[in-house]
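Residue numbers (the numbering used here): 1 to 200.
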Ligand SMILES: *[C@@H]1O[C@H](CO)[C@@H](O)[C@H](O)[C@H]1NC(C)=O
Ligand SMILES: *[C@@H]1O[C@H](CO)[C@@H](O)[C@H](O)[C@H]1NC(C)=O
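Right under this line is the structure:
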């Protein structure tokens, strides 16, 4: 996922552009509190990257699409962050935020897990009061990701998910095709479409 920021459209993708984008992403990360990938492989129209242990807070949401899932979910997550937890305290969160979505026969299901990262300084995040909200410990994991920098609509996001899935399949990559992640890095539309690599 998570912290790669793209300056080009995938239509104009080439390796040189990809490298510039990664460098730009890491620069942005130096300025903000960021979950950075620790390893990056960039020889395709998507990136392979490793993210180390991290914690996030998630809300499970049933909704017709990403947009309404995000609206419902982020409200709950910000409530958690603003004292909606058993410690009654403020828990700082950071980008990326986004959704886990599920695929069945390449159709996006109406069930999502909306998430936001908890900053690493918070070692033991308190439990949420809302039973539909959970703290999740993310183990070190490899992802395949393709990044974008323009705001797009629901249908375009769906197309990007399916396109990455097809490209990974075509390259015979080992990945889990039952779920994907949309990771959003800022409010200007920088986002990554992500599948998890399997068998590491
Ligand atoms: C925030 O969470 C608390 C505890 O779950 C709940 O009582 C309160 O209604 C929530 N507030 C909002 C605005 O959702
Ligand atoms: C793929 O992900 C789903 C949902 O997390 C999980 O239940 C399943 O075991 C995973 N499959 C593989 C092959 O890793």
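The C-beta atom is built at its ideal place from N, Cα and C for all residues, glycine as well.
Note down the Cα distance separating residue 89 from residue 77, rounded to an integer number of angstroms. If you number the chain shown from 1, residue 89 lands on position 89. If you number the chain shown from 1, residue 77 lands on position 77. The alpha-carbon atoms of residue 89 and residue 77 are separated by roughly 13 Å.
Where DSSP assigns a beta bridge to residue 144, which residues make up the other side? One-based indexing of the chain shown puts residue 144 at position 144. Paired residues: 48, 195.
Whole-angstrom distance between residue 191 and residue 18, CA atom to CA atom: By one-based count along the chain shown, residue 18 stands at place 18. By one-based count along the chain shown, residue 191 stands at place 191. Note on residue 18: pLDDT 42, under 50, position unreliable in the model; the coordinate value appears next. If I take the Cα positions, the gap works out to 14 Å.
Just to check my reading of the structure: residue 179 and residue 102 have Cβ atoms closer than 8 Å, yes? What is that Cβ distance to the nearest angstrom? The residue labelled residue 179 in the question sits at position 179 within the chain shown. The residue labelled residue 102 in the question sits at position 102 within the chain shown. The C-beta distance from residue 179 to residue 102 rounds to 5 Å, short enough to meet the 8 Å contact threshold.
Limits of the unbroken alpha helix (DSSP H) element including residue 68: Position 68 of the chain shown holds residue 68. According to the DSSP assignment, residue 68 belongs to the alpha helix (DSSP H) that extends over 66-81.
In whole angstroms, give me the CA-to-CA distance for residue 39 and residue 87. On the chain shown, residue 39 is found 39 positions in, with the first residue counted as 1. On the chain shown, residue 87 is found 87 positions in, with the first residue counted as 1. Here the alpha carbons of residue 87 and residue 39 stand approximately 35 Å from one another.
Would you report the Cα separation of residue 172 and residue 129, rounded to the nearest angstrom? One-based indexing of the chain shown puts residue 172 at position 172. One-based indexing of the chain shown puts residue 129 at position 129. Near 43 Å, if we compare the C-alpha coordinates of residue 129 and residue 172.
Once you ignore the five residues that flank residue 22 on each side, which residues in its own chain have a CB closer than 8 Å to its CB? Along the chain shown, one-based indexing puts residue 22 at 22. Residue confidence for residue 22 is low, a pLDDT of 46 falling below 50, so the modelled location carries little weight; the figure read from the coordinates is stated next. The residues 4, 40, 42, 47, in chain order, have a CB closer than 8 Å to that of residue 22 in the same chain once the five nearest residues on each side in sequence are set aside.
Please tell me whether residue 136 and residue 55 are closer than 8 Å, where the distance is taken between their beta carbons. The residue given as residue 136 occupies position 136 in the chain shown. The residue given as residue 55 occupies position 55 in the chain shown. In terms of Cβ geometry, residue 136 and residue 55 form a close pair [threshold 8 Å].
Three Cβ pairs or more, each shorter than 8 Å: is that satisfied between the region 117-132 and the region 65-80? These segments touch.
Between residue 51 and residue 198, what straight-line distance do the alpha-carbon atoms span, to the nearest angstrom? Start at 1 with the first residue of the chain shown, and residue 51 comes out as number 51. Start at 1 with the first residue of the chain shown, and residue 198 comes out as number 198. Looking at the backbone, the Cα of residue 51 and that of residue 198 are separated by about 14 Å.
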